[in-house]
Amino acid sequence: MTAECVKPDRLLERIPAEYPRHMLCFFSNNSARGIDLPFVSALIDALNKVDSITPGYANEMLSRISAIENTGEDQYEAILSILAEIYVTAGLCERADIEDGNPQFAHEPAAGQQKNPELEVRVSGQWCAIEVKTPRLIQHGRLRAQNDWQVGIRLPSGGLPYENVTLPRDNPVKDFLISAEQKFAAYENYRPGSFRVLAILWDDFSNEPIAALTSPESGLLTPNSFHRDAQGSAVRYPHIDGVLVIRHQHQLMRATRCEPLIDGIAHAFQYHHNGFPPKAFIECHGGRVPSSDLMSALNARPIVECVGAEFHPAEIIMWVNN
2 MTAECVKPDR
12 LLERIPAEYP
22 RHMLCFFSNN
32 SARGIDLPFV
42 SALIDALNKV
52 DSITPGYANE
62 MLSRISAIEN
72 TGEDQYEAIL
82 SILAEIYVTA
92 GLCERADIED
102 GNPQFAHEPA
112 AGQQKNPELE
122 VRVSGQWCAI
132 EVKTPRLIQH
142 GRLRAQNDWQ
152 VGIRLPSGGL
162 PYENVTLPRD
172 NPVKDFLISA
182 EQKFAAYENY
192 RPGSFRVLAI
202 LWDDFSNEPI
212 AALTSPESGL
222 LTPNSFHRDA
232 QGSAVRYPHI
242 DGVLVIRHQH
252 QLMRATRCEP
262 LIDGIAHAFQ
272 YHHNGFPPKA
282 FIECHGGRVP
292 SSDLMSALNA
302 RPIVECVGAE
312 FHPAEIIMWV
322 NN
């Protein structure tokens, strides 16, 4: 299969320009009038970057996006999830080893199996598989904005002395770990010895998944995990080497709203940068330590090097002037 360069007018071909037939109809409507907005240009560039290595990728992603018909919060968050996959996939394909002129990269490797990770990439001779997960955070964000108190971890029964409290958003993190463990267990048969990373795209409040993962009281990657097996032991995830927490979902939302991006990134699909915020890498129990080259390809820093309240597992948060 030969890679085909996707142009902005392809968006118009796949996504209706009439409201309310699709959440991205605004962009399609502008493309129909010859106006290519920054979000569309960045999306098309990201799709073409991957499609040049894995022909058919752009068509598959556009098909998935266009299949989400009509407008609404559910549709919007489903599209955000696909955009998050594109963001990570386009970023990692930039760092693939080149062998005989071919980037060592694949989208959904071992596609003949029932469960596949999002991508695999070889970096300095080391294969790495990545599964990308994106939680639904819009309603959670509303609660976060309106409540004076927020609980970051699971407290003992009766441990909520306040009313109007935002509860932890930790069940999706647990579900992501379970799903990734299943996919990586199957992938291990396809590519033994590959490094395996679960990437979670959160919004600007990355302390929430970090607390769900690392809190000494109930963190999913600790002996006191709230996820227990039938024998009462903390569930482990032996096929996951680490979790990458990425603060970027809010940037995708800003881009789809034609709002200015923050933190100095040039466009919504710019994966690699040398500034703030870092992508926090958290080792899984028993997981292997990534090489410095792989950490660079992931654009990651160890969680212990990530500075700021957004990278610490707060137990209780009081919002002032919320």
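For any residue, its number in this note's numbering is found by taking its place in the sequence shown, counting from 1, and adding 1. Every residue gets a Cβ at the ideal spot worked out from N, C-alpha and C, and that includes glycine.
Beta-carbon contacts of residue i that lie in its chain and below 6 Å, excluding the five residues immediately before and after
i      : result
GLU209 : ARG170
GLU284 : GLY243
ARG137 : GLU78
VAL89  : VAL133 and ALA200
TYR20  : CYS26
ARG289 : ASP242
PRO303 : PHE282
LEU253 : LEU81, LEU84 and ALA269
GLY276 : GLY265
ASN172 : none
PRO279 : ARG302 and CYS307
THR72  : PRO21 and MET24
LEU144 : THR167
ASP318 : Looking at the sequence provided, one finds Ile at residue 318 rather than Asp. GLN151, listed in sequence order.
HIS141 : ARG170
GLN15  : The sequence shown places Arg at residue 15, not Gln. Answer for ARG15: LEU63 and SER67, listed in chain order.
Span of the alpha helix (DSSP H) around residue i
i      : result
LEU253 : 250 to 257
MET62  : 58 to 67
LEU202 : Note, LEU202: premise wrong, no alpha helix (DSSP H); beta strand (DSSP E) at 196 to 203.
GLU121 : From DSSP, GLU121 is part of no alpha helix (DSSP H) but of the beta strand (DSSP E) over 120 to 124.
ILE211 : 208 to 215
ILE179 : 172 to 191
8 Å Cβ cutoff met for residue i and residue j
i      : j      : result
ASP204 : TRP320 : no
VAL198 : CYS129 : yes
LEU202 : ALA281 : no
LEU93  : ILE36  : no
VAL152 : ALA213 : no
ALA256 : PHE28  : no
GLU189 : HIS240 : yes
LEU295 : PHE185 : no
ASN330 : ALA111 : Since the first residue of the chain shown is 2 and the last is 323, residue 330 is not available in this structure.
LEU168 : LEU221 : no
GLN127 : SER292 : yes
PHE227 : SER219 : yes
GLU311 : ILE154 : no
Residue i versus the options, residue with shortest Cα-Cα distance
i      : options                           : result
ILE83  : ILE66, THR72, ASP46 and GLU109    : ILE66
ALA91  : SER195, CYS307 and GLN271         : GLN271
HIS251 : VAL124, ILE54, ALA181 and ILE139  : ILE139
GLU109 : ALA187, ILE247, VAL308 and SER207 : ALA187
ALA298 : SER180, SER42, ARG96 and PRO217   : ARG96
VAL122 : ILE54, THR223 and PRO157          : ILE54
GLU100 : SER125, GLU119 and PRO279         : SER125
ARG248 : PRO217, ILE266, VAL236 and LEU12  : ILE266
THR223 : ASP264, GLY287 and GLN115         : GLY287
CYS307 : GLN147, GLU70, LEU245 and ILE318  : LEU245
PRO217 : HIS313, ASN300 and ARG192         : HIS313
ALA107 : ASN71, TYR191, THR215 and VAL305  : TYR191
SER180 : ILE318, GLY194 and GLN115         : GLN115
PRO157 : ASN225, ARG15, GLU14 and ALA33    : ASN225
The ligand ADP heavy atom lying under 7 Å from the CB of residue i
i      : result
GLN252 : With respect to the ligand ADP, the structure offers nothing, as it holds no ligand at all.
Contacting residues, own chain, Cβ-Cβ under 8 Å from residue i (five flanking each side not counted)
i      : result
MET2   : With a pLDDT of only 47 at MET2, under the threshold of 50, the placement of this residue in the model should not be trusted, and no figure is reported.
ILE87  : LEU44, ALA47, LEU48, VAL51, MET62 and PHE270
THR215 : LEU222, THR223, ILE283, ILE304 and PRO314
For residue i, the first and last residue of its enclosing beta strand (DSSP E)
i      : result
ARG143 : ARG143 -> not in any beta strand (DSSP E); alpha helix (DSSP H) instead, spanning 139 to 147.
LEU222 : No beta strand (DSSP E) contains LEU222, which DSSP labels as neither H nor E.
LYS134 : 127 to 134
VAL324 : The chain is shown from 2 up to 323; residue 324 falls before or after that span and cannot be answered.
ALA107 : 106 to 108
ILE318 : 317 to 319
Close-in-space but distant-in-sequence residues of the same chain around residue i (CB under 7 Å, 5 per side omitted)
i      : result
PRO17  : HIS23, CYS26 and SER29
GLU74  : ILE139
TYR238 : LEU178, GLU182 and CYS285
ILE176 : With the sequence shown as reference, residue 176 is identified as Asp, and Ile is not the correct amino acid for it. The answer is none, since no qualifying residue turns up.
LEU38  : PHE28, ASN31 and CYS259
GLN76  : MET24 and ILE69
Margin query: Going residue by residue through the segment 257 to 315, where are the continuous alpha helix (DSSP H) segments of at least 4 residues, counting only ones entirely within it?
Written below: Listed in chain order, the complete alpha helix (DSSP H) runs (minimum 4 residues) inside the segment 257 to 315 are 293 to 299.
Item checked: Whole runs of the alpha helix (DSSP H) within the segment 23 to 101, excluding any shorter than 4 residues -> Correct list: 26 to 33, 39 to 52, 58 to 67 and 74 to 94.
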